[in-house]
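This report concerns only the one structure given below.
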Amino acid sequence: MPLALRYETWLAGPGVDRGLLGPREAARTWDRHLLNSAVVASLLAPGESVVDVGSGAGLPGIPMALARPDCTFVLLEPLLRRATFLAEVVADLGLDAQVSVVRARAEDVAGEAYDVAVARAVAPLDRLAGWCLPLLRPGGRLLAVKGERAEAEVAAAPGLRARIERVGAGLVDPPTTVVTIERDPRPGGRPRRKETR
Numbered sequence: 002m003p004l005a006l007r008y009e010t011w012l013a014g015p016g017v018d019r020g021l022l023g024p025r026e027a028a029r030t031w032d033r034h035l036l037n038s039a040v041v042a043s044l045l046a047p048g049e050s051v052v053d054v055g056s057g058a059g060l061p062g063i064p065m066a067l068a069r070p071d072c073t074f075v076l077l078e079p080l081l082r083r084a085t086f087l088a089e090v091v092a093d094l095g096l097d098a099q100v101s102v103v104r105a106r107a108e109d110v111a112g113e114a115y116d117v118a119v120a121r122a123v124a125p126l127d128r129l130a131g132w133c134l135p136l137l138r139p140g141g142r143l144l145a146v147k148g149e150r151a152e153a154e155v156a157a158a159p160g161l162r163a164r165i166e167r168v169g170a171g172l173v174d175p176p177t178t179v180v181t182i183e184r185d186p187r188p189g190g191r192p193r194r195k196e197t198r
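Just so we're aligned, residue 2 is where the sequence shown starts under this note's numbering, counting upward by one.
And the structure:
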C-alpha cells in the first residue's frame, strides 16, 4: 500500500503536469486507474514474465507489478517523455529488480518470448493482437483491458479466439473487462483462431 500511495502521487502530480494523464483524471486515479489495473494481476500465474505494451504512465503494468511481486514486468513505451517518466517512477518505487523500462514499439521487439502481454487503451483489438502476439512464447496470452465496447471489438475480429472476463468484482465498480487471446501453443504457431467449417 505505501508504494501504491507513492505511485498515485506520481500519477496525480507529475503525471498530470507532463500530460500523461488528463487534469480531470487526478481525482479518480484510485478507482479508474490503480485498482482497475491492479485487479488484472489476478489473471497471472506465479512467476510469469509480462510485457506492458504502450505503457504510457505505467498502466496497467505498475499496479500489476505492485500486486504481483513474484512476476517480472517490462514496460514497453516508444515515446521518450513517457519512458523517462516510467524510469523515474520505477527507480523511486524501488522496483528496479522486478520492472524494467524499454523505449521501443512492439514491432521493434517482436520475437521476444513473454508469458503475457498486457495493454490498456492502446488500439482496437484486431490491431493490438497483431502487435502483441508476436511478443509471446507459444501458448502465451494477451490480456487486453477494454471498456464497454469489448464485445463489439471481439465481434469485429471474428478470426481471433477471444474470451471476455470481468475481474475485480467487489473491489472496483464496474469490474475490469479483460479480453484474453492465446497464442498457438505450437512452436512457430500463430494466434489461436476460431475453427470454421
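Every residue, glycine too, gets a C-beta built ideally from N, C-alpha and C.
Asked                                                                                                                                                               : Found
If we ignore side chains and look at the alpha-carbon of each, how far apart do residue 140 and residue 47 end up?                                                  : 16 Å
Under the rule that 16 or more other beta-carbon atoms within 10 Å means buried, what is residue 198, buried or exposed?                                            : In this prediction, residue 198 has a pLDDT of 34, which is less than 50 and means its spatial position is unreliable; nothing more can be read from the coordinates.
Return the first residue and the last residue of the alpha helix (DSSP H) that residue 7 is part of.                                                                : 3-11
How long is the line joining the alpha carbons of residue 13 and residue 187, rounded to whole angstroms?                                                           : 44 Å
What number of angstroms, rounded off, separates the C-alpha of residue 185 from the C-alpha of residue 160?                                                        : 13 Å
Look up residue 194 in the DSSP assignment and say whether it is helix, strand or coil.                                                                             : Summary for residue 194: the model assigns pLDDT 46, below 50, so the residue's position carries little reliability; its value from the coordinates is reported in the next sentence. Strand, per DSSP.
Could you spell out where the alpha helix (DSSP H) holding residue 128 opens and where it closes?                                                                   : 126-133
I'd like the ranges of any alpha helix (DSSP H) spanning at least 4 consecutive residues and lying wholly in the stretch 57-100.                                    : 62-68 and 81-94
Leaving out the 5 sequence neighbours to the left and right, which residues in its chain are closer than 8 Å to residue 93 when beta-carbon positions are compared? : 7 and 11
Report the option in 29, 45, 26 and 136 whose CA atom is closest to the CA atom of residue 67.                                                                      : 45
Applying the criterion that 16 or more other CB atoms from any shown protein chain within 10 Å of the CB defines a buried residue, is residue 65 buried or exposed? : buried
Since residue 50 and residue 76 should fall inside the 8 Å C-beta cutoff, what is the C-beta to C-beta distance between them, to a whole number of angstroms?       : About 13 Å separates the two Cβ atoms, so there is no contact after all.
Nearest by alpha-carbon distance to residue 70: which of 54, 36, 58 and 95 is it?                                                                                   : 95
Ignore the nearest five residues each way along the sequence and tell me which others in residue 84's own chain have a CB closer than 6 Å to its CB.                : 78, 102 and 104
Taking residue 163 as part of the beta strand (DSSP E), name the residues at either end of that continuous run.                                                     : 163-168
Give me the Cα-Cα distance between residue 21 and residue 99, rounded to the nearest whole angstrom.                                                                : 23 Å
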